[in-house]
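When we follow my numbering, the leftmost residue of the sequence shown carries the number 1, and every step to the right adds one. Let me begin by presenting the structure, written as structure tokens, before commenting on it.
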Amino acid sequence: MNIHKYEKLWLVAALLLIVGFIITITYGSVGLGIAMIDDSEDTIEPGELSEDERFADPRVEQVGENEYEAYVVAQTFIFQPDPIEVPENSEVTFYVTSPDVIHSFSVVGTNLNTMVIPGEVSTMTAEFDEPEEYGIICNEYCGTGHHNMEGQLHVVPEDEFDMTELSVEAPDEVELGDEAAFEVTIENGQLDDLETTIDLEVGNETLTEDVTVGGDSTEETTLTVDTDDLGEGDHDWTVTVDDHDESGTLTVVDELEEGDDDE
Ligand code: CUA
């Protein structure tokens with residue numbers, strides 16, 4: 001069989017093109033290392049996020065000197081936490097999941113953009129060099145509130161970044177002569193120890209206590225005030241730790257009424 005010279009040439013060219021396409025497609029899907037979300041990724045029970053140790057409490061965690069992990073839940077029609085706060089000069093890995101329907105996690109003005117599928121955990125890592133405030137939007141139609149679904153990502157200066165949480169438990173009413181106990185809980189989310197001071201002001205009394213909270217741990221301290229020093233009546237109190245404070249009112253009564261104990 002005699003094949004014309006030009007026909008041969010075109011056959012070879014077409015073959016080369018086909019091989020070229022196959023190589024391009026293979027490189028694009030495998031060589032670049034771009035992973036699609038699929039069922040080989042982490043899976044998670046969407047209805048049980050509240051029992052999942054990563055997502056029950058959406059948060060930012062420090063995992064290395066400048067490395068952080070953000071556990072984010074996208075749900076109708078909010079992102080949690082909001083805002084997501086990370087320090088400048090950090091590398092942040094985002095883990096995002098949804099308890100209900102498909103959303104997206106799209107940080108405006110960056111190439112951080114992923115679908116969020118119930119049952120899957122979308123993972124992305126990004127570096128943030130400068131303080132900046134980004135908006136987060138949802139790009140997947142998820143229901144009537146879709147167009148209002150937005151969040152914030154704040155990259156803050158290092159000295160403003162804070163992973164301390166303060167909570168105080170104090171009685172509302174105490175009998176004169178008894179002690180009033182203020183249970184102060186300080187949570188230190190950083191890896192380094194936190195050396196700080198608890199200041200308690202109640203009425204005219206001031207109590208101060210130095211505490212050291214280990215890295216990534218929680219410290220409980222109880223400060224007690226003698227109500228004889230306060231006297232009967234309402235006393236406003238404030239507990240201050242660094243930039244955090246909590247306040248309330250303590251009432252010192254002559255005698256607690258029956259069954260009034262736990263009010
Ligand atoms: Cu969530 Cu659209």
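Each residue gets a CB set at the ideal place from its N, CA and C atoms; glycine is no exception.
To the nearest angstrom, how far is the alpha carbon of residue i from that of residue j?
i, j, result
"L11", "G20", "14 Å"
"E91", "E209", "35 Å"
"V60", "P99", "19 Å"
"F161", "A14", "59 Å"
"C138", "H146", "7 Å"
"M163", "G215", "11 Å"
"G64", "R54", "17 Å"
"I25", "T114", "22 Å"
"V253", "D245", "26 Å"
"Q190", "T144", "39 Å"
"V116", "F77", "13 Å"
"E51", "E45", "9 Å"
Here's the rule: buried if 16 or more other CB atoms are within 10 angstroms of the residue's CB, otherwise exposed. What is residue i?
i, result
"H103", "buried"
"T227", "buried"
"G264", "Any property of residue 264 remains undetermined from this structure, which presents the chain solely from 1 to 263."
"S29", "exposed"
"Y71", "buried"
"I198", "buried"
"N188", "buried"
"P58", "buried"
"E48", "exposed"
"T125", "exposed"
If you check the beta carbons only, do residue i and residue j fall under 7 Å apart?
i, j, result
"D243", "T196", "no"
"Q80", "V86", "no"
"L230", "V213", "no"
"C142", "V101", "yes"
"L223", "H235", "no"
"E219", "V211", "yes"
What are the start and end residues of each continuous beta strand (DSSP E) run of 3 or more residues lying completely inside the stretch 170 to 238, in chain order?
For the stretch 170 to 238, whole beta strand (DSSP E) runs of length 3 or above, ordered along the chain, are 173 to 175, 179 to 188, 194 to 202, 205 to 213 and 217 to 226.
Inside the stretch 33 to 119 only - alpha helix (DSSP H) runs reaching at least 4 residues:
Fully enclosed alpha helix (DSSP H) runs of no fewer than 4 residues are not present anywhere in the stretch 33 to 119.
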